[in-house]
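Please read the structure below before turning to the comments.
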Amino acid sequence: MKIKSSISVYALATLLLFSSCGSKKSVKRKQTTKRVVSERVDTPKQETEQITNSEPQDETLTAQQRMQLYIETFAPIAIEEMRLYQIPASITLAQGILESGSGNGTLALKAKNHFGIKCHNTWTGERVYHDDDELGECFRKYTDVKYSYRDHSLFLTQRSRYADLFKLKISDYRGWAKGLKKAGYATDPKYPDKLISLIERFELWQYDQGGALAEQVDTDDLDKSSEANSPRAINGKDRIYVVVAGDTLYSLSKRFGLSVDQIMEHNKLESIDLSIGQELYFPR
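The working numbering puts the sequence shown at residues 5 to 288.
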């Protein structure tokens, strides 16, 4: 009986020993799990720092490059508008840069509207709504930026309050900048200075040289044989206009504020028919 009892006690002690070892192993597993979780939490912090550090990359240079790119892209359109409507290309480009944020403003991106031209009552095209002086104002939407430039030209030429601007020389960008403010184009008192600063900073005045040469007609240099019949001999201060597709004497009379008869008499025309590329002369 003593032997059996001893065996039972030994077996019970052995069983307790194995149970104790098993409980210690389970505790170690819990500690290992905690270490793995803590390592995973640290990883995203490094990714966030890399994104933050990569954000500011030469913002000033980027703005400079955007302005330069804008000029290179739209200078040909501004020059063409100058040729057709006698508005200095430098002024048009400077206004475009300023008002469209170098083509990156909301209206420029959403509507290709680079001059903030609103719908008004006559607009029948697409439109977008944007907060300006008032909430949800209607602005014109274009399919191409060149139409925004054309509307800018028409806006200035078809409103009498801007008439005095066209008495200035194309090369007088300072006079144009100040004249726009005086005529009520912008309410910002520094608007002229901003335009002039852009023009001189990027030497935009160079784009006006072609227009300045076209508007200067010196009748003293003409041959005497051609003086009698040439429209150039009428007035050395005439403004030259080159006819483009779609022009009629009636549309030109509205643009320049003359009657059809006055245009015909001033240019010694015998017919109302016009041809593309034909030069017409209008008094300043």
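Where is the CB? At the ideal position from N, CA and C, for every residue including glycine.
So who's on the other strand from residue i, going by DSSP bridges?
i	result
residue 142	133
residue 286	243
residue 198	None, per the DSSP bridge assignment.
residue 122	143
Are the beta-carbon atoms of residue i and residue j separated by less than 8 Å?
i	j	result
residue 145	residue 131	yes
residue 94	residue 169	no
residue 287	residue 177	no
residue 252	residue 278	yes
residue 116	residue 148	yes
residue 157	residue 74	no
residue 202	residue 101	yes
residue 181	residue 200	yes
residue 153	residue 96	yes
To which residues of the same chain is residue i closer than 8 Å at the C-beta, ignoring the five residues directly before and after it?
i	result
residue 283	235, 244, 245, 246 and 247
residue 129	144, 145 and 146
residue 123	131, 142, 143 and 144
residue 212	86, 92, 93, 94, 174, 175 and 177
residue 281	246 and 247
residue 106	67, 70, 71, 73 and 74
residue 140	133 and 134
residue 220	Note on residue 220: pLDDT 45, under 50, position unreliable in the model; the coordinate value appears next. Contacts found: none.
Under a CB-based cut-off of 8 Å, is residue i close to chain B?
i	result
residue 152	Absence of chain B from the displayed structure is noted, only one protein chain being present.
Among the options, which residue has its Cα nearest to the Cα of residue i?
i	options	result
residue 242	171, 149 and 118	171
residue 142	257, 121, 258 and 261	121
residue 99	195, 254, 263 and 271	195
residue 151	213, 140 and 85	85
residue 68	206, 189 and 175	206
residue 210	71, 174 and 255	174
residue 276	261, 254 and 127	254
By Cβ distance below 7 Å, which residues in the same chain neighbour residue i in space, the five residues on each side in sequence not counted?
i	result
residue 204	none
residue 103	118, 119 and 120
residue 185	195 and 196
residue 257	263, 264 and 267
residue 179	172
residue 126	none
residue 198	102
residue 159	121
Excluding five sequence neighbours on each side, which residues of the same chain lie with their C-beta closer than 6 Å to the C-beta of residue i?
i	result
residue 65	Confidence in residue 65 is poor, its pLDDT being 48 and thus under 50, which makes the residue's placement too unreliable to answer from.
residue 183	169
residue 260	286
residue 269	none
residue 189	none
Inter-stretch contact (C-beta, 8 Å, three-pair minimum) for the region 72 to 83 and the region 161 to 177: With the cut-off at 8 Å, the region 72 to 83 and the region 161 to 177 do not touch.
Determine contact between the region 102 to 116 and the region 133 to 143, defined as no fewer than three beta-carbon pairs at a distance below 8 Å. Enough Cβ pairs lie closer than 8 Å, so yes.
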